[in-house]
Amino acid sequence: MPMCSNRKGTRRNRRGPFLLALILGVLFLANNAWAQIYLPGPPPEQPSDYGKVILDSYSPAAGMHAVEFDHWQHRARFTCRLCHVDIGFAMEAKATGIQAATIRQGFHCGACHDGKRTFAGKTIFAACSDDRHDQRCVRCHSVGVPNARKEEYRTFTAKLPKAFYGVDWEGAEKSGLIKPVDFLEGVSVRRPPMQSREDFSIKAGYSWVNPIVFSHEKHSIWNGCELCHPEIFPTAKRGTGRYSMFANIEGRFCGACHGKVAFPLNNCRFCHPRAPTWVAQ
Amino acid sequence: MSKTRFIATLFFMGLTAQFGVRASDEPIGAAPQTAQVQQSWQREFEDVCSRTQDAMTFSQAELTALIQRCDALQGKIDKLDDTQKKVYMGRLRMCRGLYAYVLESKRNEKK
Amino acid sequence: MNRKMFFLVSLILIFCVPTLSQTGSKKKRPLPYEYGQVVINNFSDRAGMDPVVFQHWIHRSMFTCRVCHVDVGFGMKAGATGIKAIDNERGYYCGACHNGKKVVDGKTVFQACSTNATSEDQKRCDRCHSLNKKNVASDFDFFKFSAPLPKERFGNGIDWEKSEILGFIAPSKYLDVGSTMNKNLALQKDFSLNPKVEGMPEIIFSHKKHTVWNGCELCHPDIFMGVKKGATKYSMLDISEGRSCGACHTTVAFPIADCQRCHSKPVQP
Numbered sequence: 001m002p003m004c005s006n007r008k009g010t011r012r013n014r015r016g017p018f019l020l021a022l023i024l025g026v027l028f029l030a031n032n033a034w035a036q037i038y039l040p041g042p043p044p045e046q047p048s049d050y051g052k053v054i055l056d057s058y059s060p061a062a063g064m065h066a067v068e069f070d071h072w073q074h075r076a077r078f079t080c081r082l083c084h085v086d087i088g089f090a091m092e093a094k095a096t097g098i099q100a101a102t103i104r105q106g107f108h109c110g111a112c113h114d115g116k117r118t119f120a121g122k123t124i125f126a127a128c129s130d131d132r133h134d135q136r137c138v139r140c141h142s143v144g145v146p147n148a149r150k151e152e153y154r155t156f157t158a159k160l161p162k163a164f165y166g167v168d169w170e171g172a173e174k175s176g177l178i179k180p181v182d183f184l185e186g187v188s189v190r191r192p193p194m195q196s197r198e199d200f201s202i203k204a205g206y207s208w209v210n211p212i213v214f215s216h217e218k219h220s221i222w223n224g225c226e227l228c229h230p231e232i233f234p235t236a237k238r239g240t241g242r243y244s245m246f247a248n249i250e251g252r253f254c255g256a257c258h259g260k261v262a263f264p265l266n267n268c269r270f271c272h273p274r275a276p277t278w279v280a281q
Numbered sequence: 282m283s284k285t286r287f288i289a290t291l292f293f294m295g296l297t298a299q300f301g302v303r304a305s306d307e308p309i310g311a312a313p314q315t316a317q318v319q320q321s322w323q324r325e326f327e328d329v330c331s332r333t334q335d336a337m338t339f340s341q342a343e344l345t346a347l348i349q350r351c352d353a354l355q356g357k358i359d360k361l362d363d364t365q366k367k368v369y370m371g372r373l374r375m376c377r378g379l380y381a382y383v384l385e386s387k388r389n390e391k392k
Numbered sequence: 393m394n395r396k397m398f399f400l401v402s403l404i405l406i407f408c409v410p411t412l413s414q415t416g417s418k419k420k421r422p423l424p425y426e427y428g429q430v431v432i433n434n435f436s437d438r439a440g441m442d443p444v445v446f447q448h449w450i451h452r453s454m455f456t457c458r459v460c461h462v463d464v465g466f467g468m469k470a471g472a473t474g475i476k477a478i479d480n481e482r483g484y485y486c487g488a489c490h491n492g493k494k495v496v497d498g499k500t501v502f503q504a505c506s507t508n509a510t511s512e513d514q515k516r517c518d519r520c521h522s523l524n525k526k527n528v529a530s531d532f533d534f535f536k537f538s539a540p541l542p543k544e545r546f547g548n549g550i551d552w553e554k555s556e557i558l559g560f561i562a563p564s565k566y567l568d569v570g571s572t573m574n575k576n577l578a579l580q581k582d583f584s585l586n587p588k589v590e591g592m593p594e595i596i597f598s599h600k601k602h603t604v605w606n607g608c609e610l611c612h613p614d615i616f617m618g619v620k621k622g623a624t625k626y627s628m629l630d631i632s633e634g635r636s637c638g639a640c641h642t643t644v645a646f647p648i649a650d651c652q653r654c655h656s657k658p659v660q661p
């Protein structure tokens, strides 16, 4: 069989490798575009929009405005663990399967929004009444409805320390301005506290990237253990889990919280403390 | 018709009557003693597999004997109809499996 | 040519794989009345019927795990048993109780699967073949049922163990399918399992608690085949994928989200 590569570039010979390179290049770019190549997108312009979750699995079909859930209202008052572990909300929009029926049964939002539970001396309004024309509906089903919200972001967060994306929640708790509640009567079950783990450093995937300093203590104060383990971080032995910035930007692993609700990934030094200053935004 | 052909025809007709497709769920080959045959393997099964919770108290010889009885039962259960075979094979597998497991762990202890 | 194809395919996979994996995100948590639900669809689709939805919470209050999974012979995974309508009609599997004659807790159990069912029987068929159906007839209401029972986190939200101890439920160990007599087992002692991760409290495993409902053959050797204690190594990842403890403690028994139910031995300071 004669060696085709000895022949000087006939069009047919050049086409094959060129096509291959083209296909691979397109696939590579498409893959990266999908993972939002290299850098995470900036946080929303309005800090009040950071942590907003739009829920519209069933509302439009039911003839109602979609639900707008604001994290800032709730995380100032409750730990992440309370809602995401004890009550059982998922960590992605529309993944929980919340319906008016489940709320009325006392699950999901209905665990607190039942018209009976009180917080800070006030009764929490009941969600999802049977009366369609009840003015209460628009308190949550408010996408596209101007001035529907009772609580205003600016006044609510006026005294809280700020960060580039919104509120510096860690700082707010340290200064005692917020005291997130971690127990819900009738839903939570008290457990003996688990031993707090020491901070440790995680080697980055590339040798030229500074290591991450991870604090279990900072995370477990608000999240407990069950929020992350084993679903988000399934491996038990340190260093055996493999995930990249791509995965984080996609919303998996660290990105399950960091990018949507907890501080976003834009400022590298929040996690890579020894990153050079020119990298930080 | 020749004598041979006549006898052969009768013979095959008899075979068909015995082993042909049946509408009922009784095991093929079951003649008038159906109920008794069924009960005997079932009794054996219940006798062998009712002792699983005492497995840890048996000697290795007793466990070996029980496993052999399970193996013998397997042959009988294999001949049952689809449903019974499916059910009892599964139950026998678990029963024999446990005895074999306990036997192995006893052998391992001795080592 | 084959080598080229292999090379090409592997290159494509290398470039595409990062976006295909799905680990690292939280799954949907089933509601208390959905937890333990098993959808069985070996043959329903073929027969033009909705797949069967089996609720564990109704049945586990009445029978031990062993009665169904060992004596009656149900498998431990959806679809593993291969139940057919004819099996039920002959009095096996679901038909061991669902035969229109058996009485449990004073109620006659409705018959499952009759091959000469008419359209009037449709309501009865729908009681089990109920995936995607609303307002299916049921003798049990989860909220009424679970209201008096002691509560726990996750799963059904019910502390089944405590419910039995306090006498709210009395799961039967016997069924007339040739149930093997379950006398008191020669009790195995509780023992502790060392977690792989330092700092995690040790797991106290209670054979007693498990054998009361499961007997021996449900776990050995199918789920736990190692004969030497401590010889088989399995991790939380194995468990979360349904192996070892995860055969039950991900979908029916209390889920592994509740760390301290197993990791209960206090770590010595």
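Chains as they are written, first to last, in our numbering: chain A, 1 to 281; chain B, 282 to 392; chain C, 393 to 661. Ideal placement from N, C-alpha and C gives every residue a C-beta, glycine not left out.
What in chain C is Cβ-close to residue i, meaning under 7 Å?
{"i": "Lys-360 (chain B)", "result": "Per Cβ cutoff of 7 Å: no residues; Lys-360 (chain B) is ~17 Å from chain C at best."}
{"i": "Gly-97 (chain A)", "result": "Lys-420"}
{"i": "Leu-386 (chain B)", "result": "A quick correction: the sequence has Ser, not Leu, at residue 386 (chain B). Ordered by position in chain C, the residues that pass the 7 Å Cβ test against Ser-386 (chain B) are Val-619."}
{"i": "Cys-225 (chain A)", "result": "Cys-651"}
In chain order, what residues of the same chain lie with their CB nearer than 8 Å to the CB of residue i, ignoring the 5 residues before and after it?
{"i": "Ile-557 (chain C)", "result": "none"}
{"i": "Gly-251 (chain A)", "result": "Glu-92, Gly-259 and Lys-260"}
{"i": "Pro-658 (chain C)", "result": "Pro-593"}
{"i": "Lys-218 (chain A)", "result": "Glu-170"}
If I measure Cβ to Cβ from residue i and keep anything under 6 Å in the same chain, skipping five residues before and after, which residues do I get?
{"i": "Val-167 (chain A)", "result": "Thr-157 and Leu-160"}
{"i": "Tyr-243 (chain A)", "result": "Phe-253"}
{"i": "Tyr-425 (chain C)", "result": "Phe-534"}
{"i": "Val-401 (chain C)", "result": "none"}
{"i": "Arg-303 (chain B)", "result": "A caution first: Arg-303 (chain B) carries a pLDDT of 41, below 50, which makes its placement in the model unreliable, though a value can still be read off. Contacts found: none."}
{"i": "Leu-256 (chain A)", "result": "One point to set straight first is that residue 256 (chain A) is Ala, not Leu, in the sequence displayed. The residues are Met-91 and Ile-232."}
{"i": "Val-181 (chain A)", "result": "Phe-78"}
{"i": "Gln-36 (chain A)", "result": "Residue confidence for Gln-36 (chain A) is low, a pLDDT of 44 falling below 50, so the modelled location carries little weight; the figure read from the coordinates is stated next. Within the same chain, Gln-36 (chain A) has close Cβ partners Ile-249."}
{"i": "Tyr-153 (chain A)", "result": "Ser-48"}
{"i": "Gly-205 (chain A)", "result": "Ser-244"}
{"i": "Pro-313 (chain B)", "result": "The predicted model places Pro-313 (chain B) with a pLDDT of 40, which falls under 50 and marks its position as unreliable; any figure quoted below should be read in that light. Taken in chain order, the list of residues that qualify is empty."}
Check the C-beta distance from residue i over to residue j and give it rounded, since I have them as a contact under 8 Å.
{"i": "Asp-463 (chain C)", "j": "Arg-545 (chain C)", "result": "31 Å between Cβ atoms; not a contact."}
{"i": "Gly-51 (chain A)", "j": "Lys-260 (chain A)", "result": "7 Å"}
{"i": "Asn-188 (chain A)", "j": "Leu-82 (chain A)", "result": "The sequence shown places Ser at residue 188 (chain A), rather than the Asn named in the question. That pair is a contact at about 7 Å."}
{"i": "Cys-505 (chain C)", "j": "Glu-481 (chain C)", "result": "5 Å"}
{"i": "Val-368 (chain B)", "j": "Arg-350 (chain B)", "result": "Val-368 (chain B) to Arg-350 (chain B), Cβ: 19 Å. No contact."}
{"i": "Gly-607 (chain C)", "j": "Arg-395 (chain C)", "result": "In fact, because the Cβ distance is near 55 Å, the residues do not count as touching under 8 Å."}
{"i": "Gly-310 (chain A)", "j": "Arg-438 (chain C)", "result": "Limits of chain A in this structure are 1 at one end and 281 at the other, which puts residue 310 (chain A) out of reach."}
Looking at residue j and residue i, is the spacing between their C-beta atoms short of 8 Å?
{"i": "Ile-595 (chain C)", "j": "Cys-654 (chain C)", "result": "yes"}
{"i": "Leu-423 (chain C)", "j": "Thr-118 (chain A)", "result": "no"}
{"i": "Cys-637 (chain C)", "j": "Ile-631 (chain C)", "result": "yes"}
{"i": "His-113 (chain A)", "j": "Ile-98 (chain A)", "result": "no"}
{"i": "Lys-150 (chain A)", "j": "Arg-139 (chain A)", "result": "yes"}
{"i": "Asn-548 (chain C)", "j": "Tyr-427 (chain C)", "result": "yes"}
{"i": "Leu-629 (chain C)", "j": "Pro-276 (chain A)", "result": "no"}
{"i": "Met-468 (chain C)", "j": "His-521 (chain C)", "result": "no"}
{"i": "Glu-327 (chain B)", "j": "Val-619 (chain C)", "result": "no"}
{"i": "Thr-507 (chain C)", "j": "Ala-477 (chain C)", "result": "yes"}
{"i": "Ser-129 (chain A)", "j": "Glu-68 (chain A)", "result": "no"}
{"i": "Gln-429 (chain C)", "j": "Val-445 (chain C)", "result": "yes"}
Tell me the residue span of the alpha helix (DSSP H) that contains residue i.
{"i": "Ile-103 (chain A)", "result": "100-104"}
{"i": "Gln-355 (chain B)", "result": "341-358"}
{"i": "Val-368 (chain B)", "result": "363-391"}
Can you tell me where the beta strand (DSSP E) with residue i in it begins and where it stops?
{"i": "Glu-68 (chain A)", "result": "67-70"}
{"i": "Ser-201 (chain A)", "result": "200-202"}
{"i": "Val-138 (chain A)", "result": "First-last for Val-138 (chain A): undefined, no H or E at that position."}
Note down, in chain order, each residue of its chain lying with its Cβ closer than 7 Å to the Cβ of residue i, except the 5 sequence neighbours on either side.
{"i": "Pro-43 (chain A)", "result": "Tyr-50, Tyr-165, Pro-264 and Asn-266"}
{"i": "Ile-450 (chain C)", "result": "Phe-532"}
{"i": "Phe-502 (chain C)", "result": "His-490, Gly-492, Arg-516 and Arg-519"}
{"i": "Gln-281 (chain A)", "result": "For Gln-281 (chain A), the pLDDT reaches just 49, beneath the cut-off of 50, and the residue's location in the model is therefore unreliable, although a value from the coordinates is still provided. If we look at Gln-281 (chain A) and ignore the five residues flanking it on each side, its Cβ neighbours are Asn-266 and Asn-267."}
How about residue i: is its Cβ closer than 7 Å to a heavy atom in the ligand ATP?
{"i": "His-71 (chain A)", "result": "Annotation note on the ligand ATP: not contained in the displayed structure, which lists no ligands."}
Closer than 7 Å by beta-carbon distance: list the chain B residues that pair up with residue i, in chain order.
{"i": "Pro-563 (chain C)", "result": "By Cβ distance, chain B contributes nothing, its closest Cβ being about 16 Å from Pro-563 (chain C), past 7 Å."}
{"i": "His-612 (chain C)", "result": "Leu-379 and Tyr-382"}
Can you pull the chain B neighbours of residue i, defined as C-beta to C-beta under 8 Å?
{"i": "Gly-607 (chain C)", "result": "Thr-333 and Gln-334"}
Counting only Cβ pairs nearer than 8 Å, list the residues of chain A close to residue i.
{"i": "Leu-541 (chain C)", "result": "Result: empty, since nearest Cβ-Cβ is about 14 Å, beyond 8 Å."}
{"i": "Thr-643 (chain C)", "result": "Chain A residues near Thr-643 (chain C): none, gap ~14 Å exceeds 8 Å."}
Could you work out which residues of chain A lie near residue i, taking near to mean beta carbons separated by less than 7 Å?
{"i": "Gly-591 (chain C)", "result": "Gln-195 and Arg-197"}
If the cut is a Cβ gap below 8 Å, which residues of chain C does residue i touch?
{"i": "Arg-372 (chain B)", "result": "Val-462, Asp-463 and Gly-465"}
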